[in-house]
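Participant: Shown below is the structure under consideration.
Residue numbers (this note's numbering): 13 to 264.
Here it is in structure tokens:
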């Protein structure tokens, strides 16, 4: 059984067809790139997979469980986490507090334990604090734990958003243009980090990115969208030489 299986997915917005007959299969531990020109429907696909939008048609299954049209928190609890094109951090909180907000579904202590600070409360709080520090260490950010998230450099804010997504213990991580706004050295570091995440946490990753060097360099397989429809799928070397893909990006 695939980790994610999407068949015939489509969505209309007031008569406008934003995505049509979208299909993708992702296996456990696989790293897949979703590419296409601006306006091709990539982020719309992410929004459908994570419950932000409800599909007009088609089916989405995560490990055989239908998730199409379910609430985002339900889908996240089942094992899909994501980042966004525009960074969405709690900028008034510290770096480690941002990561710790993602552990809400893991906490088991009740209201009484929380109010009276019973031993179970302190045990669980220490456990999530330690795990949050471990996640930050993956990104070389453990020494920034107490810094204000809104004061971080742009590249570090991107990395913090990924760390927070990982704190939900996903089976599938969706990254929406994680290299946007980064300089070449930051992009190279991101490529290495994505590979590390996949190997260390044994999760699948679906990546939207316009930086072709990044996606060609790390993705095992790629899916190409244009005008809301899949026009090609295959290994990076196949996609790079596909006439339909070249036409979609560069014109005839």
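Ideal Cβ placement from N, Cα and C applies to all residues, glycine included.
Which of helix, strand or coil does DSSP assign to residue 206?
Facilitator: Residue 206: helix per DSSP, three-state reduction.
Participant: Rounding to the nearest angstrom, what Cα-Cα distance links residue 182 and residue 217 in this structure?
Facilitator: One C-alpha to the other measures close to 10 Å.
Participant: Pick helix, strand or coil for residue 64, following the three-state DSSP scheme.
Facilitator: In this structure, residue 64 counts as coil in the three-state DSSP scheme.
Participant: Under three-state DSSP, which class holds residue 100?
Facilitator: In this structure, residue 100 counts as coil in the three-state DSSP scheme.
Participant: Residues in the same chain with beta-carbon distance under 8 Å from residue 212, minus the five sequence neighbours each way, listed in chain order, please.
Facilitator: For residue 212, where only same-chain residues beyond five positions count, the Cβ hits under 8 Å are 150.
Participant: Would you list the residues sitting across from residue 241 in a DSSP beta bridge?
Facilitator: In the DSSP output, where bridge partners are listed per residue, residue 241 has 238.
Participant: DSSP beta-bridge partners for residue 93?
Facilitator: Answer by DSSP bridge pairing, in chain order: 185.
Participant: Is residue 190 closer than 8 Å to residue 143 when the C-beta atoms are compared?
Facilitator: No; because the gap between Cβ atoms is not below 8 Å, this pair is not in contact.
Participant: Go ahead and pull the three-state DSSP assignment for residue 218.
Facilitator: Residue 218: strand per DSSP, three-state reduction.
Participant: Answer yes or no: do residue 16 and residue 38 have a C-beta to C-beta separation smaller than 8 Å?
Facilitator: Yes, Cβ-Cβ distance for residue 16 and residue 38 is below 8 Å.
Participant: Between the C-alpha atoms of residue 14 and residue 215, what's the straight-line distance to the nearest angstrom?
Facilitator: Spanning the two alpha carbons is a distance of roughly 13 Å.
Participant: Using the Cα positions of residue 56 and residue 130, report the straight-line distance between them to the nearest angstrom.
Facilitator: Between residue 56 and residue 130, the C-alpha separation is close to 45 Å.
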